[in-house]
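Novice: Going by UniProt numbering, the first residue of the sequence shown is number 1, and it counts up by one from there.
Beta carbons are placed, not taken as given, at the ideal position from N, Cα and C, and that holds for glycine.
Let me begin by handing over the structure; questions about it come next.
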Amino acid sequence: MSTTTTKAEQPDYSINNSDVVEKYRTAGAISQKVLAHVKTLVVDGAKIWDIAQEGDALIEEETSKIYNSKKNKVESKGISFPTSLSPNNIADHLSPLNADDKQANLTLKNGDVVKIHLGAQIDGFASNVSETVVVGASTSAPVTGKKADVLTAAYKASEAALRTIKPGNKNWDVTKIVDKVAKEYGVVPLEGMLTHNQERNVLTGPKEIIINPNEEQQKQVDSFEFEEGQVFGLDILISSGEGKVRPYDARTTIYKLTGNNYQLKLKSSHLVLNEIKRKASHFPFSIKNLDDPTKGRAGLSENCNHQTMIAYDLYQEKEGEVIAQVYVTVALTKNGLVKFSSSSFDESIVKSDKVLNDELKELLSKPLKVNKKKATKA
Numbered sequence: 001m002s003t004t005t006t007k008a009e010q011p012d013y014s015i016n017n018s019d020v021v022e023k024y025r026t027a028g029a030i031s032q033k034v035l036a037h038v039k040t041l042v043v044d045g046a047k048i049w050d051i052a053q054e055g056d057a058l059i060e061e062e063t064s065k066i067y068n069s070k071k072n073k074v075e076s077k078g079i080s081f082p083t084s085l086s087p088n089n090i091a092d093h094l095s096p097l098n099a100d101d102k103q104a105n106l107t108l109k110n111g112d113v114v115k116i117h118l119g120a121q122i123d124g125f126a127s128n129v130s131e132t133v134v135v136g137a138s139t140s141a142p143v144t145g146k147k148a149d150v151l152t153a154a155y156k157a158s159e160a161a162l163r164t165i166k167p168g169n170k171n172w173d174v175t176k177i178v179d180k181v182a183k184e185y186g187v188v189p190l191e192g193m194l195t196h197n198q199e200r201n202v203l204t205g206p207k208e209i210i211i212n213p214n215e216e217q218q219k220q221v222d223s224f225e226f227e228e229g230q231v232f233g234l235d236i237l238i239s240s241g242e243g244k245v246r247p248y249d250a251r252t253t254i255y256k257l258t259g260n261n262y263q264l265k266l267k268s269s270h271l272v273l274n275e276i277k278r279k280a281s282h283f284p285f286s287i288k289n290l291d292d293p294t295k296g297r298a299g300l301s302e303n304c305n306h307q308t309m310i311a312y313d314l315y316q317e318k319e320g321e322v323i324a325q326v327y328v329t330v331a332l333t334k335n336g337l338v339k340f341s342s343s344s345f346d347e348s349i350v351k352s353d354k355v356l357n358d359e360l361k362e363l364l365s366k367p368l369k370v371n372k373k374k375a376t377k378a
């Protein structure tokens, strides 16, 4: 199908265009398929590098199969977020440079709380997803205690937030509802974590939803009202600790271009910038996929210092604490909220002994989509 255009022959990249919705849905289906496969690899003794490599390869394989004909060929497709696996107190973005990356290529063990984050994009329309699993957990060996509280709170907070994203409500309504759910489970949202609206080739749009902001962070986020037609990548992170993070020892491998220009001085800076433009364009990119990752690293500092690209830095909670993450990609339509990607949750495996209050139970019982019946004549 060709992309529809307006009278001025400008492409319609909104979700009013069925072609756009189909691309979001297709990307989401691929993300879900890869997530399901990656979850089977998260076992005792597995290495993060091996799992991340397999996840990225599967995204590339699945996206290579579609939108190839002359009729529907697209400008770009592939990874919209490199496969990362962040265990326990590490917040997000852990994706090793290589098998010898000792600080990042950790060996998973039973009981580890692992956040899986990945995404696919079709023609610039990305559907990222994140889910948290516990290594070795099963119905016969369920997750209990603070781990169960954190996982349950993250999922329930995400679902409550989705039911709060509707026309007439504001971004701060989501901030408040996430905080309310977390308190019911005796846990804390990770301070200052942001959700953004999405557009074509844009993962981090100007509309922001912040969770658990400190006073200074709260001043930096503008208020806005939700409207039909918006797409969001809702990112919820919940901690068993204080919700405050500090830098993790490993260096990140994930970067994204900003679109800013600067007269770079170093040849290595030019080379890595041009290679990322060619291979990833607008989306986060792992430098492990550079032609020469070691040489490529040399050009990152100047680019980041002058904001031609940004790093997805690694952060951690206190040792002994755990963080859970749920990331879903959703669209606000005239019929309610539609999920392009979603995170699953199994209450037969994750068993918190905490109970939500009646107000939150009622909110969670509401459907995301609204069936609008035609008015009947009296």
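1. Buried or exposed: which applies to LYS377, given that a residue is buried once 16 or more other Cβ atoms fall within 10 Å of its Cβ?
2. Within 10 angstroms of its Cβ, does ASN303 collect 16 or more other Cβ (buried), or is it exposed?
3. Can you name the start and end residues of the alpha helix (DSSP H) that GLU298 belongs to?
4. Would you tell me roughly how many angstroms separate the C-alpha atoms of LYS267 and PRO247, rounded to the nearest one?
5. Quick one: using the 10 Å Cβ neighbour count with 16 as the cut-off for buried, is GLN220 buried or exposed?
6. With DSSP as the reference, label ARG163 as helix, strand or coil.
7. Could you give the distance in angstroms between the alpha-carbon of LEU234 and the alpha-carbon of PHE81?
8. Would you identify the three-state DSSP class for GLU359, choosing helix, strand or coil?
9. Grab me the residues of VAL135's own chain with a C-beta within less than 7 Å of its C-beta, minus the 5 sequence neighbours each way, in chain order.
10. Are the region 200-208 and the region 273-288 touching, with three or more C-beta to C-beta distances below 8 Å?
11. Who are the Cβ neighbours of ILE349 in its own chain at under 7 Å, not counting the five residues just before and after it?
12. Just how far apart, CA to CA, sit THR333 and ALA120?
13. With DSSP as the reference, please indicate the residues paired to SER281 in a beta bridge.
14. Considering only the beta carbon of each residue, do THR83 and ALA36 sit closer than 7 Å?
15. Determine the burial state of ARG278: buried for a count of at least 16 other Cβ atoms within 10 Å of its Cβ, exposed for fewer.
16. Helix, strand or coil for GLN10, going by three-state DSSP, please let me know.
17. I want to know whether the region 211-227 touches the region 289-308 - three or more CB-CB distances under 8 Å.
18. Does the beta-carbon distance from ARG243 to GLU275 come in below 7 Å?
19. Do you know how far the Cα of VAL245 is from the Cα of THR175?
20. Helix, strand or coil: which one does DSSP assign to GLN53?
21. Report yes or no: do three or more beta-carbon pairs, one from the region 68-78 and one from the region 253-265, lie closer than 8 Å?
22. Hey, would you say THR132 sits closer than 7 Å to GLN325, going by beta carbons?
23. Measuring CA to CA, which of ASP123, LYS180 and TYR155 is closest to ASN68?
24. Using 10 angstroms around the beta-carbon of residue 381, count the other beta-carbons present and answer buried if the total reaches 16, otherwise exposed.
25. Once you ignore the five residues that flank MET1 on each side, which residues in its own chain have a CB closer than 7 Å to its CB?
26. Assuming contact is defined by CB atoms lying nearer than 7 Å, are ILE48 and ASN105 in contact in what I supplied?
27. What residues in its chain sit with their C-beta under 6 Å from that of ILE209, if we drop five residues either side in the sequence?
28. Run through DSSP, which three-state label would VAL135 get?
29. Does DSSP put ALA46 in a helix, a strand or coil?
30. Determine which residues share a DSSP beta bridge with PHE340 and list them.
31. When DSSP builds the beta bridges, which residues end up paired with ALA126?
Specialist: With the given structure in hand:
1. Residue mapping note: residue 377 aligns to position 377 of the sequence shown, counting from 1. Residue confidence is low: LYS377 scores 43 on pLDDT, short of 50, so the model does not pin down where it sits. No coordinate-derived value is stated.
2. Translated into the one-based positions of the sequence shown, residue 303 becomes position 303. By the neighbour-count rule (16 or more Cβ atoms within 10 Å), ASN303 is buried.
3. Here residue 298 refers to the residue found at position 298 when the sequence shown is read from its first residue. Before going on, a small fix: residue 298 reads as Ala here, not Glu. DSSP places ALA298 inside the alpha helix (DSSP H), whose first and last residues are 293-298.
4. What you label residue 267 is simply residue 267 of the sequence shown in a count that begins at 1. What you label residue 247 is simply residue 247 of the sequence shown in a count that begins at 1. Going by the C-alpha atoms only, they are around 29 Å apart.
5. Position 220 of the sequence shown holds residue 220. By the neighbour-count rule (16 or more Cβ atoms within 10 Å), GLN220 is not buried but exposed.
6. Here residue 163 corresponds to residue number 163 of the sequence shown, with the count starting at 1. The three-state reading of DSSP puts ARG163 in coil, since its state is none of H, G, I, E or B.
7. One-based indexing of the sequence shown puts residue 234 at position 234. One-based indexing of the sequence shown puts residue 81 at position 81. About 14 Å.
8. Within the sequence shown, numbered from 1, the residue matching residue 359 stands at position 359. Reduced to three states, the DSSP call for GLU359 is helix.
9. On the sequence shown, position 135 is the one that residue 135 refers to. Result list for VAL135: VAL42, VAL43, ASP44, LEU108, LYS109, ASN110, GLY111, ASP112 and VAL114, in chain order.
10. With a cut-off of 8 Å, the region 273-288 and the region 200-208 count as touching, because enough Cβ pairs lie within range.
11. To locate residue 349, count along the sequence shown from 1; it is residue 349. Answer for ILE349: ALA137, SER138, THR139, PRO142 and VAL143, listed in chain order.
12. Start at 1 with the first residue of the sequence shown, and residue 333 comes out as number 333. Start at 1 with the first residue of the sequence shown, and residue 120 comes out as number 120. Separation of THR333 and ALA120 (C-alpha to C-alpha, rounded to the nearest whole angstrom) is 22 Å.
13. Here the question's residue 281 lines up with position 281 in the sequence shown. SER281 is not bridged to any residue.
14. For the purposes of this step, residue 83 is identified with residue 83 of the sequence shown, where counting begins at 1. For the purposes of this step, residue 36 is identified with residue 36 of the sequence shown, where counting begins at 1. No, they are not a contact pair.
15. By 1-based counting over the sequence shown, the position of residue 278 is 278. Burial check for ARG278: the Cβ neighbour count within 10 Å stays below 16, so the residue is exposed.
16. Locating residue 10 in the sequence shown gives position 10, where the first residue counts as 1. Taken through DSSP and simplified to helix, strand or coil, GLN10 comes out as coil.
17. The region 211-227, when compared against the region 289-308, does not touch it at the 8 Å Cβ threshold.
18. Residue mapping note: residue 243 aligns to position 243 of the sequence shown, counting from 1. Residue mapping note: residue 275 aligns to position 275 of the sequence shown, counting from 1. Note on identity: in this sequence residue 243 is Gly, with Arg being the wrong assignment. No, these two residues do not count as a Cβ contact at 7 Å.
19. Taking the first residue of the sequence shown as 1, we reach residue 175 at position 175. Taking the first residue of the sequence shown as 1, we reach residue 245 at position 245. C-alpha separation (whole angstroms): 19 Å.
20. Counting from one through the sequence shown, the residue named residue 53 turns up at place 53. It is helical.
21. Output reads no: the region 253-265 does not touch the region 68-78.
22. Indexing the sequence shown from 1 puts residue 132 at position 132. Indexing the sequence shown from 1 puts residue 325 at position 325. Yes. Within cutoff.
23. In the sequence shown, residue 68 corresponds to position 68, counting from 1. The residue with the shortest Cα to Cα distance from ASN68 is ASP123.
24. What the structure shows of the chain is the stretch from 1 to 378, and residue 381 is not part of that stretch, so it cannot be assessed.
25. If you number the sequence shown from 1, residue 1 lands on position 1. Caution applies to MET1, whose pLDDT of 48 falls short of 50 and renders its modelled position unreliable; the model cannot decide the point.
26. Within the sequence shown, numbered from 1, the residue matching residue 48 stands at position 48. Within the sequence shown, numbered from 1, the residue matching residue 105 stands at position 105. Taking 7 Å as the Cβ cut-off, ILE48 and ASN105 qualify as a contacting pair.
27. As a working mapping, residue 209 is identified with position 209 in the sequence shown. Within the same chain, ILE209 has close Cβ partners ASN171, VAL174 and THR195.
28. Residue 135 sits at position 135 when you count from the first residue of the sequence shown. Annotated three-state conformation of VAL135 is coil, per DSSP.
29. Locating residue 46 in the sequence shown gives position 46, counting from the first residue. ALA46 falls in the coil class under three-state DSSP.
30. Looking up residue 340 in the sequence shown gives position 340. Answer by DSSP bridge pairing: none, since PHE340 is not bridged.
31. By one-based count along the sequence shown, residue 126 stands at place 126. Beta-bridge partners of ALA126 (DSSP): GLN121.
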